[in-house]
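Read the structure below first, then the notes.
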Amino acid sequence: MLLIHCPYCEETLPEAEFAYAGEAHIARPADPSTLSDEEWRDFLFIRTNARGTHFERWRHIHGCGRFFNAARDTVSDRFLTTYKAGKARPDLSAVKEAAE
Amino acid sequence: MSRYRITGRGRVDHGATVSFTFDGKTYQGLRGDTVASALLANGVHLMGRSFKYHRPRGVVTAGSEEPNALIGTTRGPGRFEPNTRATVQELRKGLVTESQNKWPRLSFDLGAINDRAYMLFSAGFYYKTFMWPKSFWDKVYEPFIRNAAGLGKSPTEVDPDRYASRNLHTDLLIVGGGAAGIAAALVAARSGARVVLVDENPEMGGALLSDPAVKIEGQGAWAWLDDKLSELRALGVRLMTRTTAIGYYHQNFVALCERLTDHLDTPPANAPRERMWHVRANQVVLAQGALEKPLVYDGNDRPGVMLAGAAQTYLNRYGVRVGDNVAVLTSHDSAYHAAFDLADAGSRIAAVIDTRRDIRTDLLDAAKQRGIEVLRGHSATGTKGRLRIKSVRVNPVQGDKVGASREISCDALLMSGGWTPSLHLFSHTKGSLSWDADSNTFLPDRKTEACHIAGAGRGLWGYAAVLEDGVKAGLAAVEALSRTAQPRDLPVENDRPGTGVSHTELPTDRSPGKAKAFVDYQNDVTAKDLRLAVREGMRSIEHVKRYTTNGMATDQGKMSNINGLMIAADALAKQPPQVGLTTFRPPYTPTSFGAFAGYLRGETFQLTRKTPIDPWAEAHGAVFEPVAQWRRAWYFPKAGEDMHAAVARECRATRASAGIFDASTLGKIEVAGPDAVEFMNRMYTNPWTRLAAGRCRYGLLLGEDGFIRDDGVIGRLSDDLFHVTTTTGGAARVLNMMEDYLQTEWPDLNVWLTSTTEQWATVALNGPNARKVLEPLVEGLDLSDDRFPHMSVAECTVAGLPARLFRLSFTGELGFEINVPARHGLKLWEALMESGRAHDICPYGTETMHVLRAEKGYIIVGQDTDGTVTPQDAGLTWAIGQKKPDFVGKRSLSRPDIVGKGRKQLVGLLTEDGSQLEEGAQIVLDPHQSLPMKMVGHVTSSYASATLGHPIAMAVIEGGHDRMGEVVHVPMPDGVRRARVTSTVFYDPEGARLKA
Amino acid sequence: MNTQKHDFTAAPVQIEELAPAARFSLRVRPDGRAALAQALGLDLPGGIGDRTADGGREALCLGPDEWLILAPEAAPLAKAAASVYADAPHSLTEISDREITLRLSGPQVLDLLASCCPRDVEAMPEGRGCRTVYDSATVTLWRDGPTEFRMDVWRSFLPHVLGLMALTKAELQAGL
Ligand SMILES: [Zn+2]
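Residue numbers (the working numbering), protein chains in the order written: chain A, 1 to 100; chain B, 1001 to 1996; chain C, 2001 to 2176.
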């Protein structure tokens, strides 16, 4: 069981309080009707399936209820960082160095 | 008292005898004994038969790594446990134990014929023996395997014990309460850190319990232990004995299994047998010590052959001499101390047979003082004795030359092939190991977790070195916790440092092909098997392991892994690290299912939600069914009724007059705020802008992929407030999906969502007389059809309770859904029952609800849809707000595969012969086509309709909407049925009854 | 060795069901917080887990825009909030019946909670609260004293939660 830092509660808490919510930074197009079938397909179904750093969403479902973003290494299952929804992908070089 | 027990010696209570039975015979032991030590005190070495060859086996170790002495224990009815290690099971009054893998008895076993059929069971026998001829499989091989498979007997009764679990958060967890662990604990506890120290034994102390002559800080080892444990206790350290760290997971999450009652004569009422601890530690110190390795030579498995360290433990901890005339075979200095302690305790040491030529002079001197003969540079090449060792055959070795043999009689043979650091938990973390060529063992290398390894667990030997290392590990943990400590030196006198060498099989003058030199005792794997595996092409240790089963038994190769690796590497002419070490996996020792299940069994096995009206249903004989996490009343049988009869009666009563149904499980979400209507427009397919306050509408929710996710009736209570209902199973999912869009896609919207599923108890009232039942109870609302038409919602008072009243119908009849605050749910139900008495009101359950809705062609999301059904497929195009620019899933409704022909569409089905179809039955167009037939759809719902007098069904069929009136075929177990495709609305297609 | 603690007389934990009170879920954006606080006559704490109490009313911050409000009576509170809706749009939803509140106390109450709460309850300061999970049920936990807690449990989850608590209580009474 992992420990996850909720960027809203500012606490590191057991995974049991959280729910996974898929890949992060996939914004719903502002006007889906303007998308081609291929573009819409990519939005719906195409995911990076990263080996290594993966940007993903979690929800502190049994806590503050907020969706937030995380960078997790899918090989080591280690969280590199978590950050609030709507924030840009953070620069991970410092975090990664510290983890080495 | 037995002559093997030394009065007053050891840590057992010589004043307290405990009797127990082994294979039907009663023995006396002492409080503090294990079954193994008590049997040894009685001169019993033979404790089991081996798994494959049924060879007689004695106890080899004194700990949880024991491969041989596995017993069945009985602690009363239902409390039988197989494969308990006799070295771990403490004596308790009336304990009943039995040996395993024997028939008819331990001393004479017919299965031992396997031992003669040795060739049949050589490496890879699983893969070779049972391959040919094919006809042998059913009659010969399978019965043989079934008979031989499995270690011990499975219990046949339900486990009556309780099991518990507990979460624990701490600064520092120390695994292993030996010298290193205690030293680390002292440093950390003195610094003020929260410390947990666990040990799998009944007492803390580790090897110190077997080395009382050692002195630390000027005190005898045991006095020092008492002292330091009291200090730790006083400092608030949680000391947990009989507690095994079974697994080490991510981020210093360690699972501990604590054994609470197996050692007690009379456990207190309701005490759990075991408790699983889920520990989250900031820092971890692994001080698990080392496990002694056997030496590999012909006959190294005879009862009476055991590890030297084990014999030392039996002597010093339990006051038991393992023999009168003891030979010692070793490649490590440590065995000398066992020999000396036993000699000093009155056993004769037949000889110390050392494989090495160069031996420390102080050891030789000490042996000489005691008159012990030391044979240097010798090998053991065989043993004799059927049920107990009688002699060992030894030969001098010079280079490659094995000299003439000599027979040494003995009644016990102690062996030591050196020590393997216990790195199991470290391996669980995927920490890497490095091969230490000097000591021929793996040592911990790169760490992945915040842990520190101390003592013999990282290859150190001797108490001074181990204590110093424990202090160092404690300091490192304290520093990582941002605390400070002033460590003290822990000076040691009478230390027992030592070194040794490692071997593959010991050299022999006999044919190595005939030697039964065991590497893995539990799985009966010999050195020859390992070499055969290599000859037959296995290159990696993982392959060798699976081919030979070396290390695959319940002891996970605690004693066999390194010996196995050394032999495989030798056969491959490679360095051991090139051949690799197999991966250790949790649990460290076998762990009961009960400990894993904890509280989650029986009534608390899984969460079951109950509505406020559930007690009434239970009192009135309802049969329940699980729906999502809820238990719901399924039907209410009257005396003599089966389900079919009860449901038919409930359906007729509802259509004829009035039925009442507990709909409290429906999900409810309050959508509130100035942007509520905008949010609803974006989430649901339907248009909401022009829905007036006080009106409600069927809402359809899609996923972004265009498939139906949920549905429900949604009422607009005011401009800014919607009362959304969801399916029972969809409530949490829908709220999560809505929150997701709101928080991450549309955070600008001023609208908020609150689950009110449990705020309200909901009662559905249906039937032509529904209004007559309800009206007398309602205040503040005119229920007439023109003032409160179909699809209305209002707040009013019902039965004196504040209520949200909906007029809607999921049955096709005049219908109402009354929501009252949940605490009053039962009161509302009873008031309606009372009011409905004059109208023969009939409580009905979920089955009748299903039938009534199916008669009307109303879908159930998740039954008639399966996550691939669009609104068009389900015939719900009317629910789509075509003019809305966007809503969740809209773009997908024009995806090529969704507008394309041949999609499965929802239709009604009526069988020509009037028989009922099975839900899930597949549908074909041509029943005479060749196999495999092309399946064009399946039956989603099927019921006997009492109202219509014949069965009805719904199905999804390719191009179904264009097949109205066509006949399709439904193969069923008893023949192919012809069915005609119809509309899904079977009853009152005009909907006249709704408007009553 | 083999010491056994058998104290059957001590009550390690008390588990009581409290009478229902008015309970609301308040959702409001940061810019509307002050207006709501004034209307409700209750400071709305800004940090998740923080609590305030005033005149019989209590507020617990559960999320960045979410407060749980307790009051002796529902109607006055709802009315007060409604008066500022136009200027400070919000959602105030009555959930008095959604949860049932347990009062948990006694010398071993931390052990009781540690049986099914994965989070470090011991480390939770007095006077704070949080939403968390007890076995598989979402609960709201209030720490009122060193060995005193309140736990709000969704009504339908209560039998399961009480079933687990009964097991743990019996276990604690057994003294092992
Ligand atoms: Zn949070």
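Just so it is clear, CB atoms sit at the ideal spot from N, CA and C, and this is done for glycine as well.
Using the beta-carbon of each residue, which ones in chain A are nearer than 8 Å to residue i?
i	result
Arg2131(C)	His62, Gly63, Cys64, Gly65
Asp1886(B)	Asp31, Pro32, Ser33
Run through chain C and tell me which residues come within less than 7 Å of residue i, C-beta to C-beta.
i	result
Leu13(A)	Arg2119
Glu1536(B)	Going along chain C, no residue has its Cβ under 7 Å from Glu1536(B), so there is no contact; the nearest lies around 49 Å.
Return helix, strand or coil for residue i, following the three-state DSSP convention.
i	result
Gln2173(C)	helix
Gly1602(B)	helix
Asn2002(C)	Residue placement at Asn2002(C) is poorly supported in this model, since its pLDDT is 43, which falls under 50; the coordinates still yield a value, given next. Here Asn2002(C) sits in coil by DSSP.
Trp1630(B)	strand
Pro2159(C)	helix
Asp2144(C)	strand
Phe67(A)	strand
Ile2124(C)	Before going further, note that residue 2124(C) is Met rather than Ile in the sequence given. Looking at Met2124(C) - three-state DSSP - the assignment turns out to be coil, as it is neither helix nor strand.
Asn1563(B)	helix
His25(A)	coil
Trp1878(B)	helix
Trp1688(B)	coil
Gly1474(B)	helix
Pro32(A)	helix
Gly1815(B)	strand
Met1047(B)	strand
Buried or exposed, going by whether 16 or more other CB atoms sit within 10 Å of the CB of residue i?
i	result
Lys1995(B)	exposed
Arg1055(B)	buried
Pro1871(B)	buried
Thr1266(B)	exposed
Val1967(B)	exposed
Leu1742(B)	buried
Asp1710(B)	buried
Asp2097(C)	buried
Gln1882(B)	exposed
Tyr20(A)	exposed
Arg1031(B)	buried
His1620(B)	exposed
Gly1289(B)	buried
Any heavy atom of ligand 1 closer than 7 Å to the CB of residue i?
i	result
Tyr8(A)	yes
His1278(B)	no
Arg66(A)	yes
His60(A)	yes
Gly63(A)	yes
Just to make sure I have the definition right: I need the residues of chain A whose C-beta is within less than 7 Å of the C-beta of residue i. Which are they?
i	result
Thr1955(C)	Past the edges of chain C, shown from 2001 to 2176, lies residue 1955(C), and the structure says nothing about it.
Under 9 Å Cβ-Cβ, which residues of chain C neighbour residue i?
i	result
Tyr8(A)	Ile2048, Gly2063, Pro2064
Tyr1318(B)	Within chain C, no residue comes near Tyr1318(B); the closest Cβ sits about 12 Å away, beyond 9 Å.
Residues of chain B with a CB under 7 Å from the CB of residue i: which are they?
i	result
Ala77(A)	Note that residue 77(A) is Asp in the sequence shown, not Ala. What Asp77(A) touches in chain B: His1250.
Ala85(A)	Gln1743, Thr1744
Give the residues of chain B in contact with residue i, contact being defined as C-beta atoms less than 9 Å apart.
i	result
Leu3(A)	His1250, Gln1251, Asn1252, Phe1253, Arg1280
Determine the chain B residues that contact residue i at a beta-carbon separation under 8 Å, and present them in chain order.
i	result
Ser2101(C)	In the sequence as displayed, the identity of residue 2101(C) is Thr instead of Ser. Here the premise fails: no neighbours, minimum Cβ distance about 12 Å.
Which chain C residues are close to residue i, counting only those with a beta carbon under 8 Å from its beta carbon?
i	result
Arg1166(B)	Asp2111, Ala2114, Ser2115
Leu1260(B)	Leu2176
field: the segment 15 to 47 of chain A: positions lying closer than 7 Å to chain C by Cβ
entry: Ala16, Glu17
- request: Name, going along the chain, the residues of the segment 1664 to 1677 of chain B whose beta-carbon falls closer than 7 Å to a beta-carbon of chain C.
  value: Residues passing the 7 Å Cβ filter: Glu1670, Ala1672, Gly1673, Pro1674.
field: Proximal residues, the segment 1747 to 1762 of chain B versus chain A, C-beta separation under 8 Å
entry: Pro1747
Where the segment 1811 to 1839 of chain B meets chain C: residues whose CB sits under 7 Å from a CB there: Pro1821, Ala1822, Arg1823
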